[in-house]
Amino acid sequence: MGLEEFTFLEKKLNGENKQALFKDVNDDTKVVRNKEDMKNLVLGKSKEADFRDLKPNEQARIVVQRLRQMIGTLQYMQDKEVKAIWVKEKNRMGAIIKFIDENLPKTPRVIKGRGTPERTLGSWKPQDLGDKWDKYMDKVFDKAKERATDLVEGNLEDLKKEWDSQKKRGEYKADANDDQKKKDEKKALEKIHKDVLDIIKKCSDAWDKVKDWKNPWKNDGLTDPAQ
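Per full-length UniProt numbering, residue 1 is the first one in the sequence shown, and the count goes up by one each step.
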């Protein structure tokens, strides 16, 4: 391993997102973000101390900000240099595991106790650990992609449902009885509504560019451990 394999990544993308993607892959209950917290933010009803006093449109922006962090993480993971490093590390670890598995039978453990003759324990039986490592890493990748997709697509859908709705449009619908103050308030609400829909659309467009995240050691030709 050389210094070239250490890449820098902004804390929010690395600490809160990338690590969450790959942590506890055997635990299907693990998510990147608490779903109830995200849902409350979408609805403008957050219970989190940092956000509960924000207006609904401001809470929607927090949701988009978190989704864009995940999108940034996937952009990073799909960078050509980063993919090559990941494949190199995965293959190097696999080669070591396979070597140990195949060579342990050649060196059975010999023990000798006090006053007892030396004896050789039964040899290690190869477990096909190289292949099992490959299968495990496939699972790691699949789980990470599943978690990212669940976070972004699920919350984008909720945002669109909440903000691209008759309920929201009704908040600024013109009424013949509106005085000038009410008209101004509704005009401001309409702009807020449009701004939120715009950032949701931009976030959705950005997601479309990274959501087809492919397993790098299966789809990018990066299979040579020497790469």
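C-beta atoms are modelled at their ideal positions from N, C-alpha and C, and glycine is treated no differently.
Per-residue burial, residue 19 [other beta carbons within 10 Å of its own, 16 or more giving buried]: Under this definition residue 19 is an exposed residue.
Three-state secondary structure (DSSP) of residue 52: In the structure shown, residue 52 sits in coil (DSSP, three-state: anything other than H, G, I, E or B).
Helix, strand or coil at residue 119 according to DSSP, with G and I counted as helix: Strand at residue 119.
Whole-angstrom distance between residue 164 and residue 133, CA atom to CA atom: 46 Å
Completely contained alpha helix (DSSP H) runs for the segment 123-166, where each covers 4 or more residues: 129-163
Best match in 40, 32 and 166 for proximity to residue 53 [C-alpha to C-alpha]: 40
Proximal residues to residue 143 (C-beta, below 7 Å), its chain only, five neighbours per side dropped: 25
For residue 110, the three-state DSSP class (helix, strand or coil): strand
Distance, residue 104 Cα to residue 78 Cα: 37 Å
Same chain only: Cβ atoms within 8 Å of residue 128, ignoring 5 sequence neighbours per side: 101
Three CB pairs or more closer than 8 Å across the segment 180-188 and the segment 208-222: no
Touch test, the segment 152-160 against the segment 204-213, Cβ-Cβ under 8 Å, three pairs minimum: Verdict: yes, contact present.
Residue 60 and residue 196 closer than 8 Å at C-beta: yes
Secondary structure of residue 73, DSSP reduced to three states: helix
Proximity to residue 69 [Cα-Cα], best of 55, 21, 82 and 190: 21
For residue 185, the three-state DSSP class (helix, strand or coil): Reduced to three states, the DSSP call for residue 185 is helix.
Three-way DSSP call (helix, strand, coil) for residue 23 in this model: In the displayed model, residue 23 falls within coil according to three-state DSSP, outside both helix and strand.
Residue 197 in three-state terms, based on DSSP: helix
Cα-Cα separation between residue 75 and residue 66, rounded to whole angstroms: 14 Å
Cβ pair residue 159, residue 200 closer than 8 Å: yes
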